Amino acid sequence: MCMAAPSRVIEVRDGTALTECFGQTREVSLLLLDEEVAVGDYLLIQAGGFAFERVEVARAEEALALMQELMAQGAQDRNWGEAA
82 MCMAAPSRVI EVRDGTALTE CFGQTREVSL LLLDEEVAVG DYLLIQAGGF AFERVEVARA
142 EEALALMQEL MAQGAQDRNW GEAA
């Protein structure tokens with residue numbers, strides 16, 4: 082199973098986009114998309130660096146908030162075992 086975190090487009094280039102997700106930037110190919118991409122859009126990116134879907138802003142931000150919450154919970158669970 083593959084889980085993609087929505088990545089925000091911060092720059093559009095010729096056939097590629099510079100994206101950001103959780104503080105990490107990466108250049109991705111837009112070859113698989115059949116729609117225009119603009120700065121501020123959110124994309125799902127598969128292994129290999131190909132964007133394959135544009136995601137609505139509200140849906141992307143909701144997913145990122147949930148992922149952030151899950152990561153924080155995981156960190157708390159790991160720290161709980163250290164305190165025992």
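If you count by the working numbering, then the sequence shown holds residues 82 to 165, one letter each, in order. Even for Gly, the Cβ is constructed at its ideal location relative to N, Cα and C. Every value quoted in this text rests on a predicted model; they were computed, and no experiment measured them.
Three-state secondary structure (DSSP) of L147: helix
Cβ contact check for the segment 135-143 and the segment 91-108: 3 or more pairs under 8 Å: no
Spatially closest choice to V118 from E134, A128, G104, A156, by CA coordinates: E134
Range of the contiguous beta strand (DSSP E) that encloses V90: Its beta strand (DSSP E) spans residues 88-93.
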